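If you're matching positions, the sequence shown starts at 884 in my numbering and goes up one per residue.
First the structure, in the form of structure tokens, and then the observations on it.
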Amino acid sequence: MKYVRYEHNDEIHFGVLKENRIAQLDGDYIHGAKETGKTVDLDEVKLLAPCMPVKIIGIGANYKSFLDWKKREYPGHPSFFSKPRTAVIATNENIVIPEPDHVVNYEGELAVVIGKLAKDVPAERAMEYVFGYTCFNDVTDNTMMFDEDKKWTRGKGCDTFAPMGPIVVTDEIDPEDVMIETRLNGEVVQHMNSSDMFFHIPQLIEFITKYITLEPGDVIATGSPAGTGQIKPGDRVEVFIDGIGTLVNDVVAK
């Protein structure tokens, strides 16, 4: 199934995407909403971020290609951080660079959407807690992270620094074997299969829920492969995952 969150006639709805039409739901799809019988053409709506998580958990340095590219040792356990929900934007919305002289990077990623309350989940049962998947761009202000704060909260959490979408899919992809591609101004800058993850989704869910309870609609951004790089005002960045679609965002100055 393909799910969307959208605005139509100044109202926000959830729906099921069926080719180029959306079947409206009577509530949030994560909570088992039903179709209302109303439909609308996809080109008549504004797609919003497909969910509004309470928590966004990002995973740092989780692709072998990235670790090798940066000449880092392989980690003993996942490294994770959080982004606020106020950082979330949808496809076709602008990434805003907060400081003109800062280095801000794109990081194309596969994101996991949690489907039910998850605490102390063993890896062998972790996929039972997954609702679906979407594209994610873990936009990062490297100047804040590495030169100023020496911490990740501000550099990862600025407004507009969590683009996601355009849709959430449930069974259209194999999350352990799907290509993730990032394009900057039309040029492919990241191209890697999710099988290159160092810690795979069940391991991530087990590790995170040992410490933090995940709720329905929460998002795990599973890490970015090699090829992350700088974006500047005037750029367009696209994150494409086959079976999900393309997350498109233009970059502007504040």
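Here a beta-carbon is modelled for each residue, glycine too, at the ideal position from N, C-alpha and C.
All figures in this text were calculated on a predicted structure; none of them were measured in a lab.
From I1114, G1040, G1128, T919, pick the residue whose C-alpha is nearest to that of A1136; which is it?
Nearest Cα to A1136 within the set I1114, G1040, G1128, T919: I1114.
DSSP three-state assignment for H1083, whether helix, strand or coil
coil
Look at the Cβ atom of E1059, then the Cβ atom of H1074, and state whether they are nearer than 8 Å.
no
Just tell me which of T919, V928, N903, K901 has its CA closest to the CA of E894.
V928
Contacting residues, own chain, Cβ-Cβ under 7 Å from G1040 (five flanking each side not counted):
K966, P967, A970
Span of the beta strand (DSSP E), counted from its first residue to its last, around K947
No beta strand (DSSP E) holds K947; the alpha helix (DSSP H) holding it covers 947-952.
What would DSSP say about S1107, mapped onto helix, strand or coil?
coil
For A944, name the three-state secondary structure that DSSP assigns.
coil
Cβ distance (whole Å) where T1096 is taken to contact I942 below 8 Å:
That belief does not hold up - the Cβ atoms of T1096 and I942 are roughly 17 Å apart, past 8 Å.
May I have the straight-line CA-CA distance separating V996 from N1068, to the nearest angstrom?
28 Å
Which residue comes first and which comes last in the beta strand (DSSP E) that contains R904?
904-908
Going by C-alpha distance, which of F1123, E1121, Y912 is nearest K999?
Y912
Hey, out of K1033, L925, I1091, whose CA is closest to Y890's CA?
Contrary to the premise, residue 890 reads as Glu rather than Tyr in this sequence. Comparing Cα-Cα distances from E890 to each of K1033, L925, I1091, the minimum goes to L925.
Where DSSP assigns a beta bridge to H896, which residues make up the other side?
Y889
For D926, which three-state DSSP category applies?
helix
What does the alpha-carbon distance come out to for the pair F1019 and L1130?
8 Å
Range covered by the beta strand (DSSP E) that runs through T1129
1128-1136
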